[in-house]
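Numbering of the sequence shown is given in the numbering used here, commencing with residue 45 and proceeding in unit increments.
Working notes, beginning with the structure itself.
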Amino acid sequence: MIEVDDVHRVYGSGRFGGRTVHALRGVSFAVERGERFGIVGESGSGKSTLIRLLAGLDRPTSGMVRFDGREVSGRSERQLRFLREQLQVVFQDPMSSLDPRMNVRQIVSEPLIGTRHPDPVGRVRELLAAVGLEAGAADRYPHQFSGGQRQRISIARALAPQPSVLIADEPVSALDVSVRAQILNLLADLVDEFALTMVFVSHDLSVVRRVCDRVAVLRDGELVEVGTTEQVYSDRAQPYTRQLVAAIPTIERALAGVDAEQLAGQVAAAGGAPEKSAPDGSAPDGSAPVGARKDEEG
C-alpha cells in the first residue's frame with residue numbers, strides 16, 4: 045500500500061539558520077493494506093518530515109515514496125489528486141486545524157467540495173454518528189466543543205472523502221489522559237469499520253502499542269528498529285527504544301492497556317481529573333450527552 049524506499053531528506057542552507065540538516069537518512073519500510081503501522085520517535089527524529097513526504101506535501105532529496113504502486117515523489121499537485129482522495133491526515137491539535145468561522149457541517153463536508161457526492165448532508169450525519177457525536181453538533185462551531193469532541197470532528201472530516209489510508213499525527217497527545225483511551229478505541233473501531241490502513245505517529249510507544257500491529261522507531265532521521273509492536277516494546281533491542289520506554293510517564297505506563305472506564309477511575313484515584321463535561325451535558329470526553337449514545341467506548 046505504502047512503500048518508502050531509501051528516502052533521504054536534506055534541507056539546505058536556506059533554512060535552520062544556514063545549517064544543512066539531514067532530516068531523514070536512508071529510511072525504508074512498507075505498510076501493507078489494512079495494517080495499523082506505528083511510527084515512533086522523539087522531537088527531531090524526523091516524524092514530521094516523513095508525514096509530509098507520505099502525504100505528498102514535500103519531496104525527498106533522494107529515494108522514492110509510492111502509494112498503491114504509484115510514485116508520489118516529484119509529481120505536480122494535479123498529478124497528486126489521487127493521493128488527496130485516498131490519504132487523509134488527523135492532526136495533533138484539532139483546534140488549530142479546524143476553521144473557527146465554519147460550523148461542523150461545513151468543516152466535515154469541505155473535503156466533499158468538487159467530488160459530486162450525491163448527499164453531502166447525509167454523509168455529514170453519517171460521519172457524526174460514526175464518531176459518537178449527535179446530529180445537532182452539525183450546527184455548532186469549534187469553540188463550543190471540548191478537546192475530545194474537536195478531535196472527533198477532525199476524524200469525521202478526514203473520513204468524509206472515503207480515504208483508504210488515515211495518517212494519525214499525534215492524535216491524542218493534546219488531550220487529557222482520561223480521554224485518550226476513548227479516542228484510541230474510536231480510531232481502532234473506525235479502522236475496522238471502514239477497512240482503513242492507518243499510519244499512527246507518536247512520541248509515546250505505549251500509545252502506539254495500543255493501536256498498532258507493527259512499529260518503526262525513528263531517531264535523528266534514521267530507522268533504528270522495525271517489528272511487531274509487542275516485539276519492539278518487549279525486546280527493546282536498541283538502546284534508543286529502551287530510552288523511549290523509560291521515558292513513558294509513570295502514570296501513563298501504569299494505565300497503558302486499560303479501558304476508558306478503568307482509565308478515568310485510576311486517573312482520579314491518582315489525583316488527576318477527567319475532562320469536565322461541556323455546558324450541554326456532554327460526556328467526559330465531550331463526545332455526546334451522557335446517555336445519548338447506546339455504546340460507550342471502552
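We put the CB at the ideal spot given by N, CA and C, even for glycine.
| Shortest alpha-carbon distance to F135 belongs to which of S92, I157, G85? | For the purposes of this step, residue 135 is taken as residue 91 along the sequence shown, with counting starting at 1. Residue S92 is the option with its Cα nearest to F135.
| message | By the DSSP assignment, the alpha helix (DSSP H) with Y284 in it spans what residues? | response | Taking the first residue of the sequence shown as position 1, residue 284 is located at position 240. Taken as a continuous stretch (DSSP letters only), the alpha helix (DSSP H) holding Y284 covers 283-290.
| Which one of S190, V235, E129, L142 has the shortest CA to CA distance from Q206? | By one-based count along the sequence shown, residue 206 stands at place 162. Residue E129 is the option with its Cα nearest to Q206.
| query | For the beta strand (DSSP E) that contains Y55, what are its first and last residues? | reply | What you label residue 55 is simply residue 11 of the sequence shown in a count that begins at 1. Annotation for Y55: the continuous beta strand (DSSP E) segment containing it runs 46-55.
| query | Anyone know if the C-beta pair for L97 and V51 falls short of 8 Å? | reply | Here the question's residue 97 lines up with position 53 in the sequence shown. Here the question's residue 51 lines up with position 7 in the sequence shown. L97 is a Cβ neighbour of V51, given a cutoff of 8 Å.
| message | Going by C-alpha to C-alpha distance, which of L230, Q123, Q282, M242 sits closest to L267? | response | Against the sequence shown, residue 267 aligns to sequence position 223. Nearest C-alpha to L267: Q282.
| task | Pick helix, strand or coil for Q123, following the three-state DSSP scheme. | result | Locating residue 123 in the sequence shown gives position 79, where the first residue counts as 1. Coil at Q123, not helix or strand.
| How about the stretch 224-232 and the stretch 190-197: do they share at least three Cβ pairs that are nearer than 8 Å? | A contact exists between the stretch 224-232 and the stretch 190-197.
| field | Straight-line Cα distance separating T272 from R80 | value | Taking the sequence shown and counting its residues from 1, the one referred to as residue 80 is at position 36. Taking the sequence shown and counting its residues from 1, the one referred to as residue 272 is at position 228. It is roughly 10 Å from the alpha-carbon of R80 to the alpha-carbon of T272.
| A239 - containing beta strand (DSSP E), residue span | The residue you call residue 239 lines up with position 195 of the sequence shown. No beta strand (DSSP E) holds A239; DSSP gives it neither H nor E.
| Do the stretch 133-147 and the stretch 211-220 touch if we need at least three Cβ pairs shorter than 8 Å? | yes
| said: Assess contact between the stretch 255-269 and the stretch 71-89, defined as three or more Cβ pairs (one per stretch) separated by less than 8 Å. Is contact present? | reply: yes
| For L127, the nearest candidate out of I46, V54, S250 (CA to CA) | Within the sequence shown, the letter at position 83 stands for residue 127. The shortest Cα separation from L127 among I46, V54, S250 belongs to I46.
| query | In or out: V165 buried (at least 16 other Cβ within 10 Å) or exposed? | reply | In the sequence shown, residue 165 corresponds to position 121, counting from 1. By the neighbour-count rule (16 or more Cβ atoms within 10 Å), V165 is not buried but exposed.
| Hey, quick one: how far does the beta strand (DSSP E) through E266 stretch, first residue to last? | Start at 1 with the first residue of the sequence shown, and residue 266 comes out as number 222. From DSSP, the beta strand (DSSP E) with E266 extends over 266-272.
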